[in-house]
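In the UniProt record's numbering, the protein residues as written are 1 to 389.
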């Protein structure tokens, strides 16, 4: 097939995708529009958070050519040749979704970037780690922009069209103003629905659970192998086992020595797998303060998307801590407390205890609870953390 024919087919595909875009857009998109003038950009984040939707919107607005790296039509064409043809046809830029699927993509991207200084080149993938797997100086050229999972605030906006105020610090809010905006909502019911099936925009569609299972499988078996120098079937099975263990275990960590022996892996390889699982946003590793070890499993490990605890009927008690980490890490560093009498976590110097209705505050500054619908003194409802973006 001639390159002109491929370009025409990709243009038709783009038009079909544009016609199928959802009417409702994420509030988070407003935050990243400030990067619209960026010449080289990597948009990254977990699967299903809206990266493709955002890129297609921008392609239409800015006369950018759009293609997906996993499209078989582009597999046989050198990316540089395709990009050159596209630019000569008058496009202002090119967007390459799922870029890691393309052969020698980083070499071609650098060549296009250097050869066409007046054109914009945006790429996307599930992790910023791809810039480290490409040629060394590419990361200096490209601005990294991340899209996180859907917040509770955005979930409510999708359902009600209400744009509730964003909060910077859940432990210091404009209480009267904020509570006035959610006055007529059954906030605990909404949060339970969000927690079990609302962390990605496709919750508005059918088959949420099946899609979430597919995301887990595709991240493990299609994405992660690109980010490792060597990968064996045994490694993939182990990572899946780690996820299963974390879902159902009451203890949010793993025994590295025991697991290494059981799966016949070195400690270093197991640490490498944990690191890439975190980079791919499958897990969150929570370190103790001043833990500077290169190889560390941290003090606690949680699933990065807390809704998986509900989807797989897992240890719901761990959902509370997982959600706390998931939310607060977007606004600062979160660590595990050195002394459990001081609480579970430390965030921006604030000591936090997390639990249900019987949870005591210990020596912490605040206790986060999942059974209250209003902030009360130093007791903070878990759902409030969902308004940080």
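Note that CB positions come from ideal geometry on N, CA and C, so glycine has one too.
Straight-line spacing of the CA atoms in residue 242 and residue 101 works out to 26 Å.
Between the alpha carbons of residue 16 and residue 99 lies a gap of roughly 20 Å. Taking every protein chain shown into account, the CB of residue 148 has 16 or more other CB atoms within 10 angstroms, so this residue is buried. When the Cα atoms are used, residue 263 and residue 269 turn out to be separated by approximately 11 Å. Annotation for residue 244: the continuous alpha helix (DSSP H) segment containing it runs 233-248.
Look at residue 290 here: in three-state DSSP terms it is coil, with no helix or strand label. Between the stretch 198-212 and the stretch 230-244, the count of Cβ pairs shorter than 8 Å is below three; the stretches do not touch. When C-beta atoms of the stretch 117-137 are compared with those of the stretch 19-29, fewer than three pairs fall below 8 Å, so the two segments do not count as touching.
With 16 or more neighbouring CB atoms inside 10 Å of its own CB, residue 47 falls in the buried class. By the 16-neighbour rule on beta-carbons within 10 angstroms, residue 124 is buried. Its chain contains 100 as the residues whose beta carbon lies nearer than 6 Å to that of residue 130, once the 5 sequence neighbours on both sides are disregarded; these appear in chain order.
Secondary structure note for residue 43: its beta strand (DSSP E) is the uninterrupted segment 40-44. A distance below 7 Å separates the beta carbons of residue 338 and residue 288.
A distance below 6 Å between beta-carbons, with the five flanking residues on each side excluded, links residue 385 to the following residues of its chain, in chain order: 170 and 327. Collapsing the DSSP output to three states places residue 114 in a helix. Here residue 271 is not bridged, per DSSP, to any residue.
In summary, residue 334 is buried, with 16 or more beta-carbon neighbours lying within 10 Å of its beta-carbon over all protein chains present.
Runs of the beta strand (DSSP E) spanning 3 or more residues and lying entirely within the stretch 34-113 occur at 40-44, 64-68 and 93-97, in chain order.
The C-beta distance from residue 64 to residue 94 rounds to 6 Å, short enough to meet the 8 Å contact threshold. Our two residues, residue 53 and residue 256, have alpha carbons roughly 39 Å apart in a direct line.
DSSP, read as helix, strand or coil, puts residue 355 in strand.
Of the other Cβ atoms in all chains shown, fewer than 16 fall within 10 Å of the Cβ of residue 244; this residue is therefore exposed. Here the alpha carbons of residue 277 and residue 25 stand approximately 28 Å from one another. C-alpha of residue 122 to C-alpha of residue 51: approximately 12 Å in a straight line. As a beta-bridge residue in DSSP terms, residue 369 pairs with 355 and 381.
The C-beta of residue 351 has 16 or more other C-beta atoms within 10 Å across all chains shown, which makes the residue buried. For the alpha helix (DSSP H) assignment, the uninterrupted runs of no fewer than 4 residues enclosed by the stretch 111-193 are, from N- to C-terminal side, 130-133, 138-141, 152-160 and 175-181.
According to the DSSP secondary-structure assignment, residue 334 is paired through a beta bridge with 347.
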